[in-house]
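As structure tokens, the structure follows; a few thoughts come after it.
2 protein chains.
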Amino acid sequence: MFTDTSTLAWRKSANDCLLDDVSHILGDRPLGARQAQKLRTRQALLDAGLRLLEHQSLSSLGLRELTREVGVAPAGFYRHFRDMSDLGVALVEESFGSLREMVRAIRGEQAKADEVIDGTVEVIARYVREHRPHFRFIARERYGGVQPVREAIADELRLFAEELASDLAAQPESEGWSPQDIRMLADLYVDHMVMIAIAFLDVSPEDPGSEEEIANIARRQLRLIRLGRSHWLDD
Amino acid sequence: MFTDTSTLAWRKSANDCLLDDVSHILGDRPLGARQAQKLRTRQALLDAGLRLLEHQSLSSLGLRELTREVGVAPAGFYRHFRDMSDLGVALVEESFGSLREMVRAIRGEQAKADEVIDGTVEVIARYVREHRPHFRFIARERYGGVQPVREAIADELRLFAEELASDLAAQPESEGWSPQDIRMLADLYVDHMVMIAIAFLDVSPEDPGSEEEIANIARRQLRLIRLGRSHWLDD
DNA sequence: CAGTTGGGATGACAGTTGTTCACTGACACC
DNA sequence: GGTGTCAGTGAACAACTGTCATCCCAACTG
């Protein structure tokens, strides 16, 4: 009798607002209700973590605090993650996963310079708008207290910079550029795109006025960098 | 008999490597051994905090952990700070205090563009070299979990950007520039100087090779921005 | 020289924390 | 249909946390 009620209580707390989100991961194939349930609680831990991390940093997030939020016994946490920094790394992957989608949109289209800049700023704004908790987490932990998480973020950003560098190298404006210079330009761009995203972060909640102001500044900054790029080989 | 030993033990732990550091604050005037002692323990708390914060973030630093390090009773902490974020704000002021000195050195001298850039990068490198714990703290907490500290850092950086903007406005290259454009350039510079400092942070310990490499990249990035600046009004 | 002040020590308070353990019962597989 | 696997449980652990009222005694004031 007790087992039933407790199971139901767990079902309720673990499932709400999750069933749809993971269904596409499971696919149409029967993956076994067992593993599906495990994935669902794992996702519930990640979601609750992201929620709690909106107003604190990972190093101050308690294991019990998290499991309490999900409605799982403290010990259950260890079935999914070795420790808190393990969960943090998983959150990093999740965050950059959703980012990568949006980036591909930009990489694909070839347009003239100003359109690229406008599109870039718009994609950054949209990413922050639609994934604010994710990016807030990234910004907090990029130089935060948990080493493995810091390294995971650094790796993702390095990867991002490398992709951008190869994109830049393929452009006609890069003729005569050394690989090192292209890389330093890519780093400059990546750093500033992160700064732009952070600027959106602090102001965005339903305030289209200042969001547009930030976007305006961001566009001009990117344009200035592009201007410097186009005169790099002038002597 | 017990009181003596405990007092001595406290004296020892609170004073080491501190007596010289605060002497210039106390001045030559007799300030009262009473208040001098208070200042000394306050400073000891700040120093120990900075030491402990080298490998963790402020939100995870415990009050007892800190007082234990200093050799002071836990309750004694409240004589000097209301709470941890109060100490954090004090550390922010301390950090930017030492930075401000070095910045004035750059602001004063007028030289040609490349020399300014080289000097800037050198000053950043020196600041990180000589005040690594301070800057590590700033980098960690700039977007960290403690709101008052975050705001204190943001205020200091805004002040810094405003000073830089007024410097830029006074330069002949800024003729025809709108105040908004000058401000956006100043923000761009400040953000990147912070990024440069962070880059120095991760690599500096007795590795002149990679320090010089970072400096090289930083110089080229700043030069590219300056190039963009000088063509901003080209049409 | 007394009296007051206040920096600091003390010890206990009531919670909280991360981690481990044996255990259970629903699922998956043969 | 029986059996092993394993996600999740709940209790117990020791260590830790911030906060408080209280006392001590050196340092200041008059």
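As given, the protein sequences belong to chains A and B, one line each in that order. Take the position in the first sequence, starting the count at 1, then add 1; the result is the number in this note's numbering. Take the position in the second sequence, starting the count at 1, then add 1; the result is the number in this note's numbering. Just so you know, even glycine gets a beta-carbon here, dropped at the ideal spot from N, CA and C.
Counting C-beta pairs closer than 8 angstroms gives fewer than three between the stretch 168-180 of chain B and the stretch 132-142 of chain B, which falls short of the contact rule. Residue contact check for residue 140 of chain B against chain A: a CB pair falls below 7 angstroms. Close CB contacts of residue 159 of chain B within its chain, under the 7 angstroms cut and outside five residues either way in sequence, are absent. Residue 122 of chain A carries a helical assignment under DSSP once its states are collapsed to helix, strand and coil. For residue 221 of chain B, the chain A residues whose Cβ falls inside 8 angstroms of its Cβ are 182 and 185, in order along the chain. Taking every protein chain shown into account, the CB of residue 56 of chain B has fewer than 16 other CB atoms within 10 angstroms, so this residue is exposed. The alpha-carbon of residue 207 of chain B is positioned some 26 angstroms away from that of residue 192 of chain A. Using beta-carbon distances, residue 96 of chain A does not count as an interface residue toward chain B, since no partner is under 7 angstroms. Per DSSP, reduced to three states, the secondary structure at residue 206 of chain A is coil, with no helix or strand assignment.
Only buried fits residue 222 of chain B, as 16 or more other CB atoms lie within 10 angstroms of its CB. DSSP, reduced to helix, strand and coil, places residue 104 of chain B within a helical segment of the structure shown. Under the Cβ distance rule, residue 154 of chain B does not count among the residues neighbouring chain A, no pair being separated by less than 7 angstroms.
Annotated three-state conformation of residue 150 of chain A is helix, per DSSP. Of all residues in the stretch 115-145 of chain A, only 140, 141, 144 and 145 place a beta-carbon less than 7 angstroms from a beta-carbon of chain B. Distance from the CA of residue 97 of chain A to the CA of residue 125 of chain B, rounded to the nearest whole angstrom, comes to 31 angstroms.
Taking 8 angstroms as the cut-off between beta carbons, the residues of the stretch 187-205 of chain A near chain B are 188, 189, 192, 193, 196 and 199, in sequence order. Judged by DSSP in its simplified three-state form, residue 127 of chain B adopts helix. Around the C-beta of residue 188 of chain B, 16 or more other C-beta atoms lie within 10 Å, and the residue is accordingly described as buried. In terms of Cβ geometry, residue 185 of chain B and residue 218 of chain A form a close pair [threshold 7 angstroms].
Each residue's CA atom was taken as its position, placing residue 181 of chain B and residue 190 of chain B some 14 angstroms apart. The criterion of a C-beta distance shorter than 7 angstroms is satisfied by residue 166 of chain B and residue 183 of chain B. Under a criterion of Cβ atoms nearer than 7 angstroms, the residues of chain A adjacent to residue 60 of chain B are, in order, 57, 58, 60 and 61. In the structure shown, residue 172 of chain A adopts coil according to DSSP, grouped into three states. Residue 226 of chain A belongs to the set of residues whose beta carbon lies under 7 angstroms from a beta carbon in chain B.
Per the Cβ contact rule, the stretch 42-57 of chain A is in contact with the stretch 69-80 of chain A (3 or more Cβ pairs under 8 angstroms). In terms of beta-carbon proximity, residue 107 of chain A stays away from the interface with chain B, with every pair separated by 7 angstroms or more. Interface criterion not met: the Cβ of residue 50 of chain A is under 7 angstroms from no Cβ in chain B. Beyond the five residues adjoining it in sequence on each side, residue 147 of chain B comes within less than 8 angstroms, by CB distance, of 59, 60, 85, 86 and 89 in the same chain, given in chain order. Contact between residue 205 of chain B and residue 212 of chain B holds: their C-beta atoms lie close to 6 angstroms from each other, under 8 angstroms.
Taken through DSSP and simplified to helix, strand or coil, residue 58 of chain B comes out as coil. The Cβ neighbour count for residue 151 of chain B, taken over all protein chains shown within 10 Å, is at least 16; the residue is labelled buried. Collapsing the DSSP output to three states places residue 112 of chain B in coil. One Cα belongs to residue 176 of chain B, the other to residue 114 of chain B, and the distance between them is close to 16 angstroms. Along the stretch 204-218 of chain A, the positions whose C-beta sits under 7 angstroms from a C-beta of chain B are 218, read in chain order. Using a Cβ-Cβ cut-off of 7 angstroms, residue 229 of chain B counts as an interface residue toward chain A, since at least one Cβ of chain A sits closer than that to its own.
In the structure shown, residue 73 of chain A falls within a coil segment according to DSSP collapsed to helix, strand and coil.
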